[in-house]
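Numbering (the numbering used here), first residue to last: 118 to 544.
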Amino acid sequence: GASVAYIAHEKSAIYDPAVEVEAVDPRHRHWRDVTRREAYEADITYGQNSEFGFDYLRDNMAMDLNDQVQRRGLHYAIVDEADSILIDEARTPLIISSPAEDASETYYTFARVAAQLQPETDYVIEEKQHAVVLTEDGIGRAEKLLRIKNMYEGDVTAVHYLDNAVKARALYHKDKEYVVKDGEVIIVDEFTGRLMPGRRWSDGLHQAVEAKENLKIQRETRTFATITIQNYFRMYTKLAGMTGTAVTEAEELFKVYKLEVTQIPTNKPMVRKDHPDLVYKTEQGKWDAVVAEVKERTEAGQPVLIGTTSVEKSERLSDQLGRHGIKHEVLNAKNHEREALIIADAGQRGAGTERHEARRIDNQLRGRSGRQGDPGSSRFFSSLEDDLIRIFASERVAGLMARLGFDDSTPIESGMVTGAITQAQIK
């Protein structure tokens, strides 16, 4: 399984010489058009994980056995970027559906109600659980605005609409969890930062976000068949995978899939230097430090890669770099189609980054600053106002900074702080 079609094509060119020795038949060697059944009749079939899953669902809906394509069964899957597919996308449902009745006006109505509710007073945001809870005052205010006596009596669909409308406003932010492009809400993959066109949040949440943005609402769908990526791959008799960052997920890979992780030594000694984190009191202090570091590195002729946790933050940093006359390119979910061109022009020796909520994503970013024996260095810049530290580790780190009397522009640099942030990522 591969995450995108062109990678499947690329990998077939790499691995075909090896499998030819074993006298097996990799079907897409010449990338000619074949039927799906032909593809699955080969000894080896390259493809996208989602397409394999959808073919399985369609086979189970087929009225005639002759219409099925995966007739040889699910024997052995080798998954590239295994942590991304088996862990990050594990709960992603593959759904075959058809449009349900139009409820656009209802979504717009509840979006207007949610806009009049106030955080803390009418609802509480539980960031660790990524949830919102309506208070008694909030329920009362919503009932008054909707002219409903008791939304929890009888038909409780109003509760579902209101819950989604408040979630859309409080938990889902433009240019972070999604972007608006050509009049559509497009989800941003929280791990890769890439757009996921065609993917939609379920149970009316996507429609609630569309209503919040005052866009045309696409109809909800009626589900005919569904399976998660996790459950699909667990049906294989044998399962294996490859990735550069599996060790941090070893426990979950064994618990869910009974897969053991084996570390393979790097081809060449790793000479990249990973510096301890720098933690600032304020987010602005952090960005000022990043700009100063980038300016110093670029003036010395060293290329720099900067990773941020959202589109909005990448644009904010870009503005700041521009004001300081630092030439740079921005690659985010809004201009991902320029990725190949930007990467082709980029250097390879250095990364300034801010912490992601998943430690493995940080490890991947570090790897881009120097691998296969290339020199390079990396450092994470954080602040007490960053979501990760604010939610999970602020008291511990803030207490240390207060005792040491640090101001906004002075960071704390310590392996102990790096350890505290790593623990926060585990949470």
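Note that beta-carbon positions come from the ideal geometry of N, C-alpha and C, so glycine has one too.
ask   = How about the stretch 323 to 331 and the stretch 217 to 232: do they share at least three Cβ pairs that are nearer than 8 Å?
value = yes
Proximity winner among Lys375, Asp254, Tyr397, Asp160, relative to Arg188 (alpha-carbon distances) = Counting from 1 along the sequence shown, the entry for residue 188 is found at position 71. Checking every option, the nearest Cα to that of Arg188 belongs to Asp160.
request  = Pull up the DSSP beta-bridge partners for Phe171, would you.
outcome  = Reading the sequence shown from its first residue, position 54 is the one you call residue 171. Phe171 is bridged by DSSP to nothing; it lacks a bridge partner.
request  = Please name the residue in Gly418, Glu502, Ile344 whose C-alpha comes closest to that of Gln401.
outcome  = Walking along the sequence shown from the start, residue 401 turns up at place 284. That would be Glu502, whose Cα lies nearest to the Cα of Gln401.
task = Within its chain, find whatever has a CB closer than 8 Å to the CB of Phe371; leave out the 5 residues flanking it on each side and keep chain order.
result = Within the sequence shown, the letter at position 254 stands for residue 371. So the qualifying residues of the chain are Glu377, Val378.
task = Spatial neighbours of Leu211 within its chain, please: CB distance less than 8 Å, with the 5 preceding and 5 following residues excluded, ordered by chain position.
result = Here residue 211 corresponds to residue number 94 of the sequence shown, with the count starting at 1. So the list reads Ser167, Gly170, Phe171, Leu174, Thr343, Ile344, Thr345, Ile346, Tyr349, once near-sequence residues are dropped.
key: Segment limits, beta strand (DSSP E) that includes Gly358   = Residue numbering aside, residue 358 sits at position 241 when the sequence shown is read from its first letter. 355 to 359 is the span of the beta strand (DSSP E), which, as asked, contains Gly358.
query = Thr338 by DSSP, collapsed to three states: which one?
reply = As a working note, residue 338 is residue 221 in the sequence shown. Of the three classes helix, strand and coil, the one that applies to Thr338 here is strand, per DSSP.
ask   = Which residues mark the beginning and the end of the beta strand (DSSP E) in which Ala395 is found?
value = Taking the first residue of the sequence shown as 1, we reach residue 395 at position 278. A small fix is needed here, since residue 395 is Leu in this sequence, not Ala. Run containing Leu395: 395 to 397, per the beta strand (DSSP E) assignment.
message = Using CA atoms only, rank isn't needed, just tell me which of Gly424, Tyr397, Met359 is closest to Ser500.
response = For the purposes of this step, residue 500 is identified with residue 383 of the sequence shown, where counting begins at 1. Nearest option by C-alpha distance: Tyr397.
CA-to-CA distance, Leu263 to Ile202, given in whole angstroms = One-based indexing of the sequence shown puts residue 202 at position 85. One-based indexing of the sequence shown puts residue 263 at position 146. Their Cα atoms are separated by approximately 42 Å.
Phe371 - DSSP class collapsed to helix/strand/coil = Stepping through the sequence shown from its first residue, residue 371 is reached at position 254. Phe371 sits in a helix when the DSSP states are folded into three classes.
message = Give me, in chain order, the residues of the same chain whose beta-carbon lies closer than 6 Å to that of Thr383; leave out the 5 immediate sequence neighbours on both sides.
response = As a first step, residue 383 must be located in the sequence shown, where it is residue number 266. Hits under 6 Å: none found.
message = At the level of alpha carbons, what is the spacing between Arg258 and Gln335?
response = Counted from its first residue, the sequence shown places residue 258 at position 141. Counted from its first residue, the sequence shown places residue 335 at position 218. Roughly 28 Å separates the two Cα atoms.
request  = Give a yes or no on whether the C-beta atoms belonging to Glu198 and Thr360 are separated by under 8 Å.
outcome  = Numbered from 1 along the sequence shown, position 81 holds the residue referred to as residue 198. Numbered from 1 along the sequence shown, position 243 holds the residue referred to as residue 360. For Glu198 and Thr360, yes; Cβs fall inside 8 Å.
ask   = Can the beta-carbon of Gly493 be found closer than 8 Å to that of Arg389?
value = Here residue 493 refers to the residue found at position 376 of the sequence shown. Here residue 389 refers to the residue found at position 272 of the sequence shown. Result yes, Cβ atoms of Gly493 and Arg389 sit closer than 8 Å.
task = Assign Thr71 to one of three DSSP states: helix, strand, or coil.
result = In this structure the chain extends from 118 to 544, so residue 71 is not present and cannot be described.
request  = Out of Phe497, His247, Ile423, state which residue places its alpha-carbon closest to the alpha-carbon of Leu395.
outcome  = Here the question's residue 395 lines up with position 278 in the sequence shown. Selected option, being the one with the closest Cα: Phe497.
key: Three-state class that DSSP yields for Glu330 in the structure shown   = The count along the sequence shown starts at 1 and reaches residue 330 at position 213. Assignment of Glu330 by DSSP, reduced to helix, strand and coil, places it in the coil class.
request  = Measuring alpha carbon to alpha carbon, tell me which of Gly255, Glu369, Ser435 ends up nearest Asn449.
outcome  = The residue given as residue 449 occupies position 332 in the sequence shown. Taking Asn449 as reference, the option from Gly255, Glu369, Ser435 with the minimal CA-CA separation is Ser435.
Distance, Lys291 Cα to Ile413 Cα = The residue you call residue 413 lines up with position 296 of the sequence shown. The residue you call residue 291 lines up with position 174 of the sequence shown. This sequence places Glu at residue 413; Ile is not what is there. Answer to the nearest angstrom: the Cα atoms are 33 Å apart.
ask   = Between Asp548 and the rest of its own chain, which residues show a CB-CB distance below 7 Å, the 5 nearest in sequence each way excluded?
value = With the chain represented from 118 up to 544, any question about residue 548 goes unanswered, as that position is not in the structure.
Continuous alpha helix (DSSP H) stretch holding Asp405: start and end = Residue 405 sits at position 288 when you count from the first residue of the sequence shown. Where Asp405 is concerned, the enclosing alpha helix (DSSP H) stretches over 400 to 416.
key: Member of Asp280, Gln165, Lys430 whose CA lies at the smallest distance from the CA of His195   = The residue labelled residue 195 in the question sits at position 78 within the sequence shown. According to the sequence as given, residue 195 is Ile; it is not His. The option with the nearest alpha carbon to Ile195 is Gln165.
message = Quick check: what's the CA-CA separation for Glu244 versus Thr399?
response = Numbered from 1 along the sequence shown, position 127 holds the residue referred to as residue 244. Numbered from 1 along the sequence shown, position 282 holds the residue referred to as residue 399. Rounded to whole angstroms, Glu244 to Thr399 spans 20 Å at the Cα level.
ask   = Closest by CA to Glu429, which one among Lys293, Thr415, Asn177, Asp299?
value = What you label residue 429 is simply residue 312 of the sequence shown in a count that begins at 1. Ranked by how close their Cα comes to the Cα of Glu429, the residues Lys293, Thr415, Asn177, Asp299 have Lys293 in first place.
Residues of its chain near Lys266, where Cβ-Cβ distance is below 8 Å and the 5 sequence neighbours each way are ignored = In the sequence shown, the residue the question calls residue 266 occupies position 149. So the qualifying residues of the chain are Glu260.
task = Give me the Cα-Cα distance between Ser431 and Glu158, rounded to the nearest whole angstrom.
result = Position 314 of the sequence shown, counted from the first residue, corresponds to residue 431. Position 41 of the sequence shown, counted from the first residue, corresponds to residue 158. Rounded to whole angstroms, Ser431 to Glu158 spans 46 Å at the Cα level.
key: Nearest candidate by alpha-carbon position, reference Tyr240, set Glu270, Pro216, Ala282   = The residue labelled residue 240 in the question sits at position 123 within the sequence shown. When only C-alpha atoms are compared, the closest one is Ala282.
key: Contact belief for Ala285 with Val230 at Cβ below 8 Å, rounded distance in angstroms   = Residue mapping note: residue 285 aligns to position 168 of the sequence shown, counting from 1. Residue mapping note: residue 230 aligns to position 113 of the sequence shown, counting from 1. With a Cβ gap of about 12 Å, Ala285 and Val230 do not count as contacting.
query = Assuming Tyr374 contacts Arg339 under a Cβ cut-off of 8 Å, what Cβ separation, rounded to an integer in Å, is found between them?
reply = The sequence position of residue 374 within the sequence shown is 257, counting from 1. The sequence position of residue 339 within the sequence shown is 222, counting from 1. Not confirmed; about 31 Å, so no contact.
ask   = If you draw a straight line from the C-alpha of Arg311 to the C-alpha of Val302, how long is it?
value = The residue given as residue 311 occupies position 194 in the sequence shown. The residue given as residue 302 occupies position 185 in the sequence shown. Roughly 14 Å separates the two Cα atoms.
Neighbourhood of Ala179 by C-beta, 6 Å cutoff - its chain only, sequence neighbours within 5 removed = Position 62 of the sequence shown, counted from the first residue, corresponds to residue 179. Closer than 6 Å at the Cβ level, and outside the excluded window around Ala179, lie Gln185.
inquiry  = By the DSSP assignment, the beta strand (DSSP E) with Val250 in it spans what residues?
reply    = In the sequence shown, residue 250 corresponds to position 133, counting from 1. 248 to 251 is the span of the beta strand (DSSP E), which, as asked, contains Val250.
Gln347 in three-state terms, based on DSSP = Residue mapping note: residue 347 aligns to position 230 of the sequence shown, counting from 1. Under the three-state reduction of DSSP, Gln347 is assigned to helix.
query = Can you tell me whether Gln324 is buried or exposed, with buried defined as 16 or more other CB within 10 angstroms of its CB?
reply = Along the sequence shown, read from residue 1 onward, the residue named residue 324 stands at position 207. With 16 or more Cβ atoms within 10 Å of its Cβ, Gln324 is classed as buried.
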